[in-house]
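Take the sequence shown: its letters are residues 26 to 128, numbered as in my numbering.
Here the structure is laid out as structure tokens; the discussion comes afterwards.
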Amino acid sequence: MKMTVANVVMFEFDTPEELKGWAQQYGKSGPFPNNIISLFVKTGDTSAIGINTYPDEEARAVADQHRVSFIEDQRENFSVREVMPLSGPVLVEFINGVLNNNT
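So this is what it looks like as structure tokens:
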């Protein structure tokens, strides 16, 4: 049985303007291949968390390669102090208030 998996990436920027610019650029670039859910959440003046879900580990691994390239490309345009990627299986997922039984 396939299990939904997620990448959770914590970001710390040098300034609030850098965070805002990064979010705008990510919004223009769109989600990575096979992405189910993509969120970029501001958690502080200069910090954010990206949460992305994928249908399986294979799709998540492909997205990892895209993420690394995207971050490296964007570091030329934005001052990112720290990027900390984490990943793992999604244990509970509600979409529009409905439990996804594939998790």
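In this text, a Cβ means the ideal position worked out from N, Cα and C, and glycines have one as well.
Practice item. Could you say if the segment 97-107 and the segment 75-84 meet the contact criterion of at least three C-beta pairs nearer than 8 Å? Key: Flag = no, the segment 97-107 and the segment 75-84 do not touch.
Worksheet entry | phenylalanine 119 beta carbon less than 9 Å from that of arginine 92 | For the purposes of this step, residue 92 is identified with residue 67 of the sequence shown, where counting begins at 1. For the purposes of this step, residue 119 is identified with residue 94 of the sequence shown, where counting begins at 1. No, these two residues do not count as a Cβ contact at 9 Å.
Of the residues Asn102, Glu107, Gly122, the one placed nearest glutamine 50, counting alpha carbons only: Here residue 50 corresponds to residue number 25 of the sequence shown, with the count starting at 1. Closest option to glutamine 50, Cα to Cα, is Asn102.
Using the three-state DSSP reduction, which class does serine 63 fall into: helix, strand or coil?
Sequence index remark: in the sequence shown, residue 63 carries index 38 (1-based). It is a strand residue.
task: Output yes or no for whether 9 Å exceeds the beta carbon distance between isoleucine 76 and serine 94.
output: Translated into positions along the sequence shown, residue 76 becomes position 51. Translated into positions along the sequence shown, residue 94 becomes position 69. Their beta carbons are not under 9 Å apart, which means isoleucine 76 does not touch serine 94 by this criterion.
- prompt: If we ignore side chains and look at the alpha-carbon of each, how far apart do asparagine 60 and methionine 109 end up?
  reply: Counted from its first residue, the sequence shown places residue 60 at position 35. Counted from its first residue, the sequence shown places residue 109 at position 84. Roughly 19 Å between the two C-alpha positions.
**OP:** Report all residues from its chain with a CB closer than 7 Å to the CB of glycine 46; omit the five preceding and five following residues, and keep chain order.
**Re:** Counting from 1 along the sequence shown, the entry for residue 46 is found at position 21. Contacts found: Phe103.
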